[in-house]
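One structure is given here, and the rest of the page talks about it.
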Amino acid sequence: MPYPYVNQHHVQSGDLTDLEYDLLFLWKGATDYGINMWNGVYYRLEISGEQIVGTLYEMDMDVLSAPPSQGEMRPVGPDDLHEADAASHWLPRLVIE
């Protein structure tokens with residue numbers, strides 16, 4: 015799901031948040047109909063050697079349904095992210111080499 019608001023696409027070793035926002039996904043079961051914004055997937059990224067590794071979290075993407083406050087282009091906070099059952103997702107870990 016493309017992040018619908020301004021994203022500077024600025025990535026540096028101490029701050030990968032803009033890249034995290036570029037990697038937002040929605041999931042649904044094979045028999046589910048339509049899209050449920052509660053089924054958001056967020057990867058919290060960190061640099062590990064020569065790789066960027068993403069840890070899977072679930073989130074309610076309804077937090078993105080309205081534009082963020084002026085000057086706040088990163089509205090997803092720690093309280094919006096929930097530990098995910100990695101076994102229930104097709105991409106339990108994200109690795110960028």
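Take the sequence shown: its position 75, counting from 1, is numbered 89 in the numbering used here, and each next residue is one higher. Built from N, CA and C at the ideal position, the CB exists for glycine as well.
In chain order, what residues of the same chain lie with their CB nearer than 8 Å to the CB of Met87, ignoring the 5 residues before and after it? Here residue 87 corresponds to residue number 73 of the sequence shown, with the count starting at 1. Only Tyr19, Val20, Asn21 and Gln22 meet the Cβ criterion.
Assuming contact is defined by CB atoms lying nearer than 8 Å, are Tyr56 and Val90 in contact in what I supplied? Looking up residue 56 in the sequence shown gives position 42. Looking up residue 90 in the sequence shown gives position 76. Contact: yes.
So, with DSSP's three-state summary, where would you put Val77? On the sequence shown, position 63 is the one that residue 77 refers to. If DSSP states are grouped into helix, strand and coil, Val77 belongs with the helices.
For Leu70 and Glu34, the rounded distance between their alpha carbons: Against the sequence shown, residue 34 aligns to sequence position 20. Against the sequence shown, residue 70 aligns to sequence position 56. Computed Cα separation, rounded: 11 Å.
To the nearest angstrom, how far is the alpha carbon of Gln26 from that of Val109? For the purposes of this step, residue 26 is taken as residue 12 along the sequence shown, with counting starting at 1. For the purposes of this step, residue 109 is taken as residue 95 along the sequence shown, with counting starting at 1. Gln26 and Val109: Cα-Cα distance of roughly 17 Å.
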